[in-house]
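Trainee: Reminder that position 227 of the sequence shown reads as 227 in this note's numbering, one-by-one numbering, no gaps.
For every residue, glycine included, the Cβ atom is placed at its ideal position computed from N, Cα and C.
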Amino acid sequence: MSEERLDIDIGRCLAGASETDGLTPKMLERFAPRLEGARRAVLDNAGTGMLGWMDLPRQDPTELLTFAEENIGRFECLLVVGIGGSALGTIALSTALLPFFHNELTPDQRRARPRLYVLDNVDSDETAALLDHLPLERTLVNVISKSGATSESMAGYLVVRDRLQAAVGAAALKDHLVFTTDLSESALRNIGESLGVRMFDLPPGVGGRFSVLSAVGLLPAALTGMDVRGLLEGAADMADWIAGSEGWGNPACTFAGVQYVEDAALGRCVSVMMPYSARLRDLADWYRQLWAESLGKEIDRQGQIVNVGPLPVKALGVTDQHSQLQLYAEGPDDKIITFLGVREFANTVPIPAPGPSAESLAFLGGHTLADLMWAEQKATAWALAKAGRPSVTITVPRVDAFSMGALVYMFEMATAIAGELYDVDAFNQPGVEMGKQATYALMGRPGYETLAGKIE
Numbered sequence: 001m002s003e004e005r006l007d008i009d010i011g012r013c014l015a016g017a018s019e020t021d022g023l024t025p026k027m028l029e030r031f032a033p034r035l036e037g038a039r040r041a042v043l044d045n046a047g048t049g050m051l052g053w054m055d056l057p058r059q060d061p062t063e064l065l066t067f068a069e070e071n072i073g074r075f076e077c078l079l080v081v082g083i084g085g086s087a088l089g090t091i092a093l094s095t096a097l098l099p100f101f102h103n104e105l106t107p108d109q110r111r112a113r114p115r116l117y118v119l120d121n122v123d124s125d126e127t128a129a130l131l132d133h134l135p136l137e138r139t140l141v142n143v144i145s146k147s148g149a150t151s152e153s154m155a156g157y158l159v160v161r162d163r164l165q166a167a168v169g170a171a172a173l174k175d176h177l178v179f180t181t182d183l184s185e186s187a188l189r190n191i192g193e194s195l196g197v198r199m200f201d202l203p204p205g206v207g208g209r210f211s212v213l214s215a216v217g218l219l220p221a222a223l224t225g226m227d228v229r230g231l232l233e234g235a236a237d238m239a240d241w242i243a244g245s246e247g248w249g250n251p252a253c254t255f256a257g258v259q260y261v262e263d264a265a266l267g268r269c270v271s272v273m274m275p276y277s278a279r280l281r282d283l284a285d286w287y288r289q290l291w292a293e294s295l296g297k298e299i300d301r302q303g304q305i306v307n308v309g310p311l312p313v314k315a316l317g318v319t320d321q322h323s324q325l326q327l328y329a330e331g332p333d334d335k336i337i338t339f340l341g342v343r344e345f346a347n348t349v350p351i352p353a354p355g356p357s358a359e360s361l362a363f364l365g366g367h368t369l370a371d372l373m374w375a376e377q378k379a380t381a382w383a384l385a386k387a388g389r390p391s392v393t394i395t396v397p398r399v400d401a402f403s404m405g406a407l408v409y410m411f412e413m414a415t416a417i418a419g420e421l422y423d424v425d426a427f428n429q430p431g432v433e434m435g436k437q438a439t440y441a442l443m444g445r446p447g448y449e450t451l452a453g454k455i456e
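Okay, here's the thing in structure tokens:
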């Protein structure tokens, strides 16, 4: 395996690695044909229906990069307005790939790239404070909505639009806006055309939670100076790996297979994502939406009521060893933990010797914080195994654009493969629709009057 590729280790899920039931070689062998069938089903339909995201690693990002280059130095701030898949991917990429405290750096330190802010909720206090804080006359606003009918995103747009127009004037408004939407049919497209706003396409076959490698994630990435081509190269390499290796031979199948069997056969329905890297902490939030919204379904593809789906939970190493680990070790045996580690940190940070006044801390001297992070991760995985709790370890060589592209595509493919294993549609979200309709009714949208009268 290439040193530039991530590694996945399921050894602590195997029977004998822990002191309770685990996966046996026979179980893995028996499951292999079904896992391979799931992989083939996804690959055979690549690019069709809602699998358009599978084509994204091979896209040409020139248009995005050119737009970003044209706007270097023009704006002090970039405000992304979106929710769910229109925001979580950008947050994950920025945490991983921008310098820590990016927004506090000087323009020279940011290489004339803008500060990044994401408005991903309709909290009125937060929104008011953010708009008061931003220099709107020096702000570019990227509004993201596939349909242009998302209440939260479009309400945010309307609020921001009025404040922006008051700051820059009606004539200059379009120069401070850029839309990402479905250019084949979208209410946001219609608004953009009427205003003359620059727009980027979110293709019909790319759902929001699978859109981070589209303009949804790549436009903010390009504008803030992330390595967009590196992201796509990492994703393309992962796509080649998955296409060229059957079943347990690639990380997407391995992750999906272990998660599914631990749930369906062993009752471990809680999927904990625990990065041991501050740069990867927000990838866990993105994963939560991807895994939950794709796999939590009432009915299967035969129309039978099944009420399936693992529960994704976010934890952060080392922090959550001091909050959640007690539950994982001694609480209900219903969890499988995924440790997401880094082989090589950009900074190691030596730990100084404590001196004679603190001899009990002498064991720390001569090590680094990176050593301690690694030791904490390994020790926690070992301790959980001793308690009979399984874990998967995914290790990236370093946190860079290539690794992030690979991780994103791996988890997307794992989700699609898991959808085949659970036999559910991984690309819809019917459970969200009733709440949306009830919101329309309570907000007075025409056509929802009858429903409004039924809501207590």
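(1) Who are the Cβ neighbours of residue 19 in its own chain at under 6 Å, not counting the five residues just before and after it?
(2) How big is the Cα-Cα spacing for residue 1 and residue 381?
(3) With which residues is residue 199 paired in a DSSP beta bridge?
(4) Does residue 103 come out as helix, strand or coil in the three-state DSSP assignment?
(5) Let's test the definition: count the other Cβ atoms within 10 Å of the Cβ of residue 403 and tell me whether it reaches 16, buried, or not, exposed.
(6) Since residue 365 and residue 351 should fall inside the 8 Å C-beta cutoff, what is the C-beta to C-beta distance between them, to a whole number of angstroms?
(7) Where residue 427 and residue 151 are concerned, what is the direct C-alpha to C-alpha distance, given to the nearest angstrom?
(8) Considering Cα atoms alone, identify which of 204, 156, 100 is closest to residue 124.
(9) From residue 61 to residue 224, what does the alpha carbon distance come to, in whole angstroms?
(10) Quick one: grab the DSSP three-state call for residue 524.
(11) Whole-angstrom Cβ separation of residue 423 and residue 300, contact assumed at under 8 Å?
(12) Please classify residue 322: is it buried, with 16 or more other beta-carbons within 10 angstroms of its beta-carbon, or exposed?
(13) From this set, 302, 452, 65, which residue's C-alpha is nearest residue 231's C-alpha?
(14) Consult DSSP for residue 50 and reduce its assignment to one of helix, strand or coil.
(15) Pick helix, strand or coil for residue 428, following the three-state DSSP scheme.
(16) For the segment 132-140 against the segment 84-98, are there 3 or more C-beta pairs whose distance is under 8 Å?
(17) List the whole-angstrom C-beta distance separating residue 115 from residue 78, where the pair is believed to meet the contact cut-off of C-beta under 8 Å.
(18) Whose CA, out of 312, 14, 82, 445, lies closest to the CA of residue 120?
(19) Can you tell me the Cα-Cα spacing of residue 143 and residue 194, whole angstroms?
(20) Can residue 271 and residue 212 be called in contact, C-beta distance under 8 Å?
(21) Starting from residue 285, follow the alpha helix (DSSP H) in both directions and report where the run begins and ends.
Mentor: On the basis of the data shown:
(1) Along the sequence shown, read from residue 1 onward, the residue named residue 19 stands at position 19. Annotation note: pLDDT 49 at residue 19 (below 50); position unreliable, coordinate value reported separately. If we look at residue 19 and ignore the five residues flanking it on each side, its Cβ neighbours are 388.
(2) Residue numbering aside, residue 1 sits at position 1 when the sequence shown is read from its first letter. Residue numbering aside, residue 381 sits at position 381 when the sequence shown is read from its first letter. Residue placement at residue 1 is flagged as unreliable, the pLDDT there being 42, under the threshold of 50; a coordinate-derived value is accordingly withheld.
(3) The count along the sequence shown starts at 1 and reaches residue 199 at position 199. BP columns for residue 199 point to 179.
(4) As a first step, residue 103 is located in the sequence shown; it is residue number 103 there, counting from the start. In the three-state scheme derived from DSSP, where H, G and I count as helix and E and B as strand, residue 103 is classed as helix.
(5) As a working mapping, residue 403 is identified with position 403 in the sequence shown. Buried: at least 16 other Cβ atoms inside 10 Å.
(6) Taking the sequence shown and counting its residues from 1, one reaches residue 365 at position 365. Taking the sequence shown and counting its residues from 1, one reaches residue 351 at position 351. Approximately 6 Å separates the beta-carbon atoms of residue 365 and residue 351; this is inside 8 Å, confirming the contact.
(7) By one-based count along the sequence shown, residue 427 stands at place 427. By one-based count along the sequence shown, residue 151 stands at place 151. If you take the alpha carbons of residue 427 and residue 151, they lie about 20 Å apart.
(8) Here residue 124 refers to the residue found at position 124 of the sequence shown. It is 156.
(9) Numbered from 1 along the sequence shown, position 61 holds the residue referred to as residue 61. Numbered from 1 along the sequence shown, position 224 holds the residue referred to as residue 224. The alpha-carbon separation between residue 61 and residue 224 amounts to approximately 15 Å.
(10) There is no way to answer for residue 524, as the model of the chain reaches only from 1 to 456.
(11) Taking the sequence shown and counting its residues from 1, one reaches residue 423 at position 423. Taking the sequence shown and counting its residues from 1, one reaches residue 300 at position 300. Rounded, the Cβ-Cβ distance is 5 Å, consistent with contact.
(12) As a first step, residue 322 must be located in the sequence shown, where it is residue number 322. Its Cβ having fewer than 16 others within 10 Å, residue 322 is exposed.
(13) Within the sequence shown, residue 231 is the residue found at index 231, counting from 1. Checking every option, the nearest Cα to that of residue 231 belongs to 65.
(14) Here residue 50 corresponds to residue number 50 of the sequence shown, with the count starting at 1. Of the three classes helix, strand and coil, the one that applies to residue 50 here is coil, per DSSP.
(15) Looking up residue 428 in the sequence shown gives position 428. Coil.
(16) The count of Cβ pairs closer than 8 Å, one atom from the segment 132-140 and one from the segment 84-98, stays below three, leaving the stretches out of contact.
(17) Numbered from its first residue, the sequence shown carries residue 115 at position 115. Numbered from its first residue, the sequence shown carries residue 78 at position 78. Between residue 115 and residue 78, the beta carbon gap of about 7 Å places them in contact (Cβ cut-off 8 Å).
(18) Counted from its first residue, the sequence shown places residue 120 at position 120. Checking every option, the nearest Cα to that of residue 120 belongs to 82.
(19) For this step, residue 143 is matched to residue 143 along the sequence shown. For this step, residue 194 is matched to residue 194 along the sequence shown. Approximately 15 Å between the Cα atoms of the pair.
(20) Against the sequence shown, residue 271 aligns to sequence position 271. Against the sequence shown, residue 212 aligns to sequence position 212. Not closer than 8 Å, so no.
(21) Translated into positions along the sequence shown, residue 285 becomes position 285. If you look at residue 285, you'll find it in the alpha helix (DSSP H) that goes 281-295.
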